[in-house]
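Enquirer: Residue numbering for the sequence shown follows numbering that gives the first Met the number 0, starting at 0 and increasing by one per position.
Quick reminder that beta carbons are idealized off the backbone N, C-alpha and C, glycines included.
Bear in mind that the values here come from a model prediction, so they are computed numbers and not experimental data.
Encoded as structure tokens, here's the structure I'll be asking about.
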Amino acid sequence: MKSPRAAWNAPILLLGSRGQLGRELAAVLPALGNVVACDRAALDLADPAMISKVVRDVAPRLIVNAAAYTAVDRAETEQQAAFAINGRAPGVLAEEAKRADAVLVHYSTDYVFDGARRTPYDEAAPTHPLSVYGASKLEGEQAIAASGALALTLRTSWVYARHGQNFLVTMQKLADSRKEIRVVDDQTGVPNWTRALAEATARLLAHGKSYVAERAGLYHLSAGGQATWCEFAQAILRDRTGVRVTPIPTREYPTAAARPPYGVLDATRFARTFGFALPEWQTLLQRCLQADEEPPTPAAVH
Ligand SMILES: NC(=O)c1ccc[n+]([C@@H]2O[C@H](COP(=O)([O-])OP(=O)(O)OC[C@H]3O[C@@H](n4cnc5c(N)ncnc54)[C@H](OP(=O)(O)O)[C@@H]3O)[C@@H](O)[C@H]2O)c1
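In structure tokens form, the structure reads like this:
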């Protein structure tokens, strides 16, 4: 492996630097090269002309896109925004990456599947999203693949951090004020800590451009094991006394967008290609709960 700092000797363009995953990437990518971090104000993915302008101005060798329209329920009524940001923008980014001779790293979701299976989904499994969010993310994946750009599309699931809006933060807040929390117990997936996802991304990128380019494609990046939301909540609140987590069926917690009842991603292809796998989700949850500080929200430097 090259010395990490020499891995990318032209700018690394990071998008979505204030998001849950983006903040963690902003903390680890500087070890690989000079990072130009953009939040929504610096680059609005809904504006294709702005995407082209920023990529051409920065002239990166690597683009890491952690930005997305992630409001799964709101997407049902904001289809245009969801498809613009999750569907079209990744295609524009990919075209610009190709033009700049850059590698694109992009993230997608288990919500591209309908969850009708009961065995983990590999990359070849047929997609069938149940929600606008899932359909918009699938469109983004397909636009990247169709562009012919050198790209890694990393599907993951149930993303959490100690910051931002996510299930872990919600459970911890609810536990401060309630004696009982009712949580869905008939949807199964894998929780994934943003720091582990960011570190795994940086670890493979540390090999440099030709290594990544030779391995371009679609991968499932996920911790091991599986859980229901209720089991995840019980693990988060394991050390909190005085609060009971009660399992309920999905029909007792209706949401605007349908979720796949089963979204476990099989990460075998990732492990075989890059030579490492993420630990079990319980191990990562413990590390997250014990971690000292979350990374600060980076200032956008573009
Ligand atoms: N969260 C999950 O459970 C989950 C599960 C599977 C896959 N993923 C995927 O993982 C990736 C990272 O997700 P995350 O949880 O870190 O998301 P997040 O915390 O919601 O962050 C997304 C970031 O994208 C930014 N953004 C939204 N619209 C934008 C636009 N038009 N232009 C530029 N930036 C925009 C947001 O900015 P603002 O703060 O200004 O809105 C936010 O900083 C995404 O690709 C997501 O689809 C997430």
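Which partner residues does arginine 154 have in the DSSP bridge list?
Expert: Arginine 154 is bridged to Ser107, His219.
Enquirer: Okay, do the segment 230-249 and the segment 183-199 touch, 3+ Cβ pairs below 8 Å being the bar?
Expert: These segments touch.
Enquirer: Looking at C-alpha atoms only, which residue of Val131, Gly223, Gly216, Ala212 is the closest neighbour of glutamate 122?
Expert: When each option's Cα is compared against that of glutamate 122, the closest is Gly216.
Enquirer: Between glycine 135 and glycine 86, is the Cβ-Cβ spacing less than 9 Å?
Expert: According to the sequence shown, residue 135 is serine rather than glycine. The answer is yes: Cβ separation under 9 Å.
Enquirer: According to DSSP, what are the bridge partners of glycine 207?
Expert: Paired residue(s): none; glycine 207 is not in a bridge.
Enquirer: Given 8 Å as the limit, tell me if tryptophan 228 has its C-beta closer than that to any heavy atom belonging to ligand 1.
Expert: No; taking the cut-off as 8 Å, the Cβ of tryptophan 228 has no heavy atom of ligand 1 nearer than that.
Enquirer: Assuming the contact rule is C-beta atoms closer than 8 Å, glutamate 140 and threonine 152 should be a hit. Round their C-beta distance to whole Å, please.
Expert: Indeed they touch by this definition, with Cβ atoms about 5 Å apart.
Enquirer: Comparing C-alpha positions only, which one of Trp7, Ala6, Ala30, Tyr68 sits nearest to leucine 14?
Expert: Leucine 14 has its Cα closest to that of Tyr68, out of Trp7, Ala6, Ala30, Tyr68.
Enquirer: Can you tell me the Cα-Cα spacing of alanine 144 and threonine 240, whole angstroms?
Expert: Those two C-alpha atoms are separated by around 49 Å.
Enquirer: According to DSSP, is glycine 188 part of a helix, a strand, or is it coil?
Expert: Three-state DSSP puts glycine 188 in a strand.
Enquirer: Are the beta-carbon atoms of alanine 96 and valine 54 separated by less than 9 Å?
Expert: Yes, the pair counts as a contact, with Cβ atoms nearer than the cut-off.
Enquirer: Straight-line CA distance for threonine 267 to methionine 170?
Expert: So the two alpha carbons sit approximately 31 Å from each other.
Enquirer: So, at 6 Å on beta carbons, what are the nonlocal neighbours of leucine 149 in its own chain, with the 5 sequence-adjacent residues on each side left out?
Expert: Closer than 6 Å at Cβ, skipping near neighbours: Val102, Ala212, Ala215.
Enquirer: I need the boundaries of the alpha helix (DSSP H) containing threonine 282, first residue and last residue.
Expert: Threonine 282 -> alpha helix (DSSP H) spans 280-289.
Enquirer: Assign glycine 188 to buried or exposed, taking buried as 16 or more other Cβ atoms, counted over all protein chains shown, within 10 Å of its Cβ.
Expert: With 16 or more Cβ atoms within 10 Å of its Cβ, glycine 188 is classed as buried.
Enquirer: Pull up the CB-CB distance for proline 259 and aspartate 113, whole angstroms please, since I reckon it's below 8 Å.
Expert: At roughly 6 Å, the Cβ-Cβ gap stays under 8 Å, so proline 259 and aspartate 113 are in contact.
Enquirer: Could you tell me which of Leu288, Val242, Ala232, Leu220 sits nearest to valine 263, measuring between CA atoms?
Expert: Closest by alpha carbon: Leu220.
Enquirer: Can you tell me which of the three DSSP states threonine 118 falls into?
Expert: Looking at threonine 118 - three-state DSSP - the assignment turns out to be coil, as it is neither helix nor strand.
Enquirer: So what does DSSP say about leucine 167, is it helix, strand or coil?
Expert: DSSP places leucine 167 in helix when its eight states are reduced to three.
Enquirer: Taking Cβ positions, are phenylalanine 82 and alanine 199 nearer each other than 9 Å?
Expert: In this structure, alanine 199 does not lie closer than 9 Å to phenylalanine 82 by Cβ.
Enquirer: Determine the direct distance from the alpha carbon of phenylalanine 231 to that of alanine 257, and round the result to whole angstroms.
Expert: Cα to Cα, the separation comes out at about 19 Å.
Enquirer: Which residue marks the beginning of the beta strand (DSSP E) containing isoleucine 84, and which one marks its end?
Expert: Where isoleucine 84 is concerned, there is no enclosing beta strand (DSSP E), given that its DSSP letter is neither H nor E.
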